[in-house]
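Student:
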Amino acid sequence: VELQILQVLWDIGPATARSVHNALCKEKATNYSTTVKMLSIMLRKGLVQRNEAATPHVYRSTSSQRAMQRRMLSQIVHNAFAGSAASASSTT
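Per our numbering, numbering of the sequence shown is gapless, rising by one per residue and ending at 128.
1) Run through DSSP, which three-state label would valine 72 get?
2) May I have the straight-line CA-CA distance separating tyrosine 95 from asparagine 87, to the nearest angstrom?
3) Following a CB-centred definition, is leucine 60 positioned closer than 7 Å to any heavy atom of the ligand NAP?
4) Exposed or buried, what is histidine 114 when buried is set at 16 or more other beta-carbons lying within 10 Å of its beta-carbon?
5) Rounded to the nearest angstrom, what separates histidine 93 and alanine 122 at their Cα positions?
Next up, the structure:
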């Protein structure tokens, strides 16, 4: 879900919780409160930032899509292949 929310923010740019929710609903039905809760969790994790000066609050990703992809790929290699990209390419 976090990745889906980030994808929305990368696609449309800074957005309100309602805008993020509406974009998510195009793919899968979800509750607005769930979207707000996930944005809150992502805010605590540092995945998004919130402009509290705006009403309603506007969220944006703290990382570019490319930077996040690199970080996620690195985590996968570390967790699944003991940190060795060579092990990942030789697995069948």
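Cβ atoms here follow ideal geometry from the backbone N, Cα and C, with glycine treated the same way. The structure displayed is predicted, hence computed values, not measured ones.
Tutor: On the basis of the coordinates in this document:
1) helix
2) 6 Å
3) This structure does not include the ligand NAP; it has no bound ligands of any sort.
4) exposed
5) 44 Å
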